[in-house]
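> Numbering that gives the first Met the number 0 puts the first residue of the sequence shown at 0, with every later residue one more than the last. All C-beta atoms in this analysis are idealised placements derived from N, C-alpha and C, irrespective of residue type, glycine included. This structure is a prediction, so every number in the text was calculated from the model and none was measured.
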Amino acid sequence: MLRITVKEKESEQRWTLQGRLTKECVAELVSNWRAARSRPSAGCRIVDLNEITVIDKSGEEVLSMMIGEGATFVATGLYTKHLLEALRERTANSPIQD
């Protein structure tokens with residue numbers, strides 16, 4: 000189960016994710032992410048991963064998409080920080096697709 004909480008201010012959206020970022024839950028997150036992107040108030044997007052307990056390959060793909068769209072992450076766990084760094088490197092080195 001994944002709980003998604005979004006708090007909006009004038010200049011930012013703060014996304015707090017809690018639970019499991021797995022294949023069963025990513026469709027809902029992607030749907031919410033894309034819907035929020037189209038709102039005019041969407042400024043800087045901050046994603047708090049401190050309460051995520053599991054991230055599978057589908058979750059990694061969603062995080063890569065968020066990185067590619069300029070999201071800023073908050074994470075204190077060693078594994079999560081390492082994963083985000085690896086995803087940033089992978090995203091930066093991926094070929095541009097048209």
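1) Would you report the Cα separation of leucine 83 and valine 53, rounded to the nearest angstrom?
2) Would you report the Cα separation of methionine 0 and threonine 21, rounded to the nearest angstrom?
3) With which residues is tryptophan 14 paired in a DSSP beta bridge?
4) How would you label valine 73, buried or exposed, when you count the other beta carbons within 10 angstroms and need 16 or more for buried?
5) Could you spell out the range, first to last residue, of the beta strand (DSSP E) harbouring threonine 71?
6) By DSSP, does arginine 19 sit in helix, in strand, or in coil?
In this structure, then:
1) Translated into the one-based positions of the sequence shown, residue 83 becomes position 84. Translated into the one-based positions of the sequence shown, residue 53 becomes position 54. The alpha-carbon atoms of leucine 83 and valine 53 are separated by roughly 14 Å.
2) In the sequence shown, counting from the first residue as 1, residue 0 sits at position 1. In the sequence shown, counting from the first residue as 1, residue 21 sits at position 22. Those two C-alpha atoms are separated by around 8 Å.
3) Working through the sequence shown from its first residue, we reach residue 14 at position 15. For tryptophan 14, which the question treats as bridged, DSSP gives the partners Val5, Val46.
4) Working through the sequence shown from its first residue, we reach residue 73 at position 74. Valine 73 should be labelled exposed.
5) Taking the first residue of the sequence shown as position 1, residue 71 is located at position 72. Unbroken beta strand (DSSP E) run through threonine 71: 71-73.
6) As a working note, residue 19 is residue 20 in the sequence shown. Note: arginine 19 maps to strand in three-state DSSP.
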